[in-house]
Structure formats: C-alpha cells, structure tokens
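Numbering-wise, the sequence shown is residues 21 to 216 according to my numbering. Just so you know, even glycine gets a beta-carbon here, dropped at the ideal spot from N, CA and C. Fair warning: this is a prediction, and the values are worked out from it, not measured in the lab. Notes for the one structure printed next.
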Amino acid sequence: MKAKLLTLAVAVLLSTAVMAQFHIGAKGGANVTKVDGKSFKDEFRYGYHIGGFMEIRAGKKLVIQPEVLFNQYSTSLDSNFKNIYQGVINASAQTKVKLNYLSIPILLNYKLIGSFLSLQAGPQFSVLMNNDRTLLQNGGEAFKNGEFSMLGGVQLKIAALRINGRYAVGLNNINDIDNQDKWKSQGFQVSVGLAL
21 MKAKLLTLAV AVLLSTAVMA QFHIGAKGGA NVTKVDGKSF KDEFRYGYHI GGFMEIRAGK
81 KLVIQPEVLF NQYSTSLDSN FKNIYQGVIN ASAQTKVKLN YLSIPILLNY KLIGSFLSLQ
141 AGPQFSVLMN NDRTLLQNGG EAFKNGEFSM LGGVQLKIAA LRINGRYAVG LNNINDIDNQ
201 DKWKSQGFQV SVGLAL
C-alpha cells in the first residue's frame, strides 16, 4: 500500500514539475506586411494570423517557443510589374495579392523583467498554401513555395495572457518567375495569446 502511495505521489510531483516547465496555447492577431521589389507598391497592407504555440522552459531566463501559424500576407502590384514582365503577366490580373502561409517560427525568449517582459528572436519557416495562378498568362506560379524569415520582438506575459509585437524580414527571394526583380517580404505582427 505504501509503495502505491509513494508511486502516486512521485507521479503527481513529476507531472506538476513537467507542467511547470511546459505550456501550450492559442494566439491570433494582425499582420502589416509588404513585399519589397520594383514590381510591388511600397506600402504596407493588412492581413492576419492564427495558430498555436508552446513554451518550453530552457533555463532560469530562457524559454523556447515553437509555434504553428496560418499567416496571411497582403501586397499590391505596382504598374512596373506589367512593364517588367511584359508578355508574361495576365492583363486581367488583380493588383492586390494575398499570400497564405503555414508558418513555423522557433523563437528563443529571454526574460528581461521577471516573466513579465521577454525579448524574442528566431527563424521562421513558411510554406505557401495558395499560389495565385491568375497573375501569369500560362497559369504558372509567380511566388516560390517556401520562405525563410528572421523574427525579432517583445512579449508581455500577464498570468495566462501573452501579448506579442514582432518584426519579420524575409531572407530569400520569393520570385518564382525569374531573377529580374528580387522579392522579399517584411512586416510587423501584433498578437494576443492565451496559455493553457
């Protein structure tokens, strides 16, 4: 009987310790993004993101935070797009483009003020889920299927509430037509999350 109670007590203590080191949660928020390049207007446009996150304690001041997000980026074609890609662009193509990504950021959080304020930095790997085939006359893909970005920002933690502000910059050329014009994304994300 004592062995069973001891086993139960150890199991409860271990599960409590594990739960103190590990949290999962859901989050959502706004994206303000643009694609840099001669083919696009130099303006930020609104999108959104929604998904889940995990917090894994890696030391007294460090937390590893992987996430899985649906990310929508928006951009607008410039009149230069038709000039650069004459004979390739579809004349009836929309000037507003939405890029829907499945993104996996892997962030390192460094706690500055207790658990309240943390700096965040890390890579983000994204896979394009939609590719607008109406931009090009041949129905081909204008954007590459993958994007690699770096993120940096801050997180406020108030009990189970998480408030994030980040800057994201794309590192690879996402132009899948040719190399006449390099396209790279950048933008800001603001989100609210709830840890369980």
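Buried or exposed: residue i, going by 16 or more other Cβ atoms within 10 Å of its Cβ?
i	result
residue 143	exposed
residue 34	Residue confidence is low: residue 34 scores 47 on pLDDT, short of 50, so the model does not pin down where it sits. Its coordinate-derived value is still stated next. The residue in question, residue 34, is exposed, as its Cβ has fewer than 16 Cβ neighbours within 10 Å.
residue 99	exposed
residue 194	buried
residue 103	exposed
residue 79	exposed
residue 118	exposed
residue 150	exposed
residue 167	buried
Can you tell me the Cβ-Cβ gap for residue i and residue j, rounded? I've got them flagged as a contact below 8 Å.
i	j	result
residue 43	residue 211	About 16 Å; that fails the 8 Å criterion.
residue 164	residue 201	Contact flag wrong, Cβ pair sits at about 13 Å.
residue 206	residue 186	Actually they are not in contact, since the Cβ atoms of residue 206 and residue 186 sit about 11 Å apart, beyond 8 Å.
residue 57	residue 213	With a Cβ gap of about 32 Å, residue 57 and residue 213 do not count as contacting.
residue 121	residue 148	6 Å
residue 75	residue 215	7 Å
Give me the residue from the options with the minimum Cα distance to residue i.
i	options	result
residue 188	57, 105, 141 and 162	141
residue 59	162, 120 and 79	162
residue 12	71, 97 and 102	Residue 12 lies beyond the residue range present for the chain, which begins at 21 and ends at 216; the question has no answer from this structure.
residue 146	133, 118, 190 and 203	190
residue 169	132, 182, 64 and 192	192
residue 131	66, 72, 77 and 73	77
residue 182	62, 204, 198 and 129	129
residue 116	47, 66, 204 and 72	66
residue 47	71, 150, 198 and 184	71
residue 73	167, 184, 101 and 166	184
residue 41	81, 133 and 199	81
Determine contact between the region 51–64 and the region 88–99, defined as no fewer than three beta-carbon pairs at a distance below 8 Å.
As far as the Cβ criterion goes, the region 51–64 touches the region 88–99, which means the pair count is three or higher.
How about the region 77–87 and the region 120–133: do they share at least three Cβ pairs that are nearer than 8 Å?
yes
Decide yes or no for the touch test of the region 172–180 against the region 129–143: beta carbon pairs closer than 8 Å, at least 3 of them.
yes
Extract the residue ranges of the beta strand (DSSP E) inside the region 71–144, only unbroken runs of 3 or more that lie entirely within it.
Assignment of beta strand (DSSP E) within the region 71–144, counting only whole runs of 3 or more residues, yields 82–96 and 116–133 in chain order.
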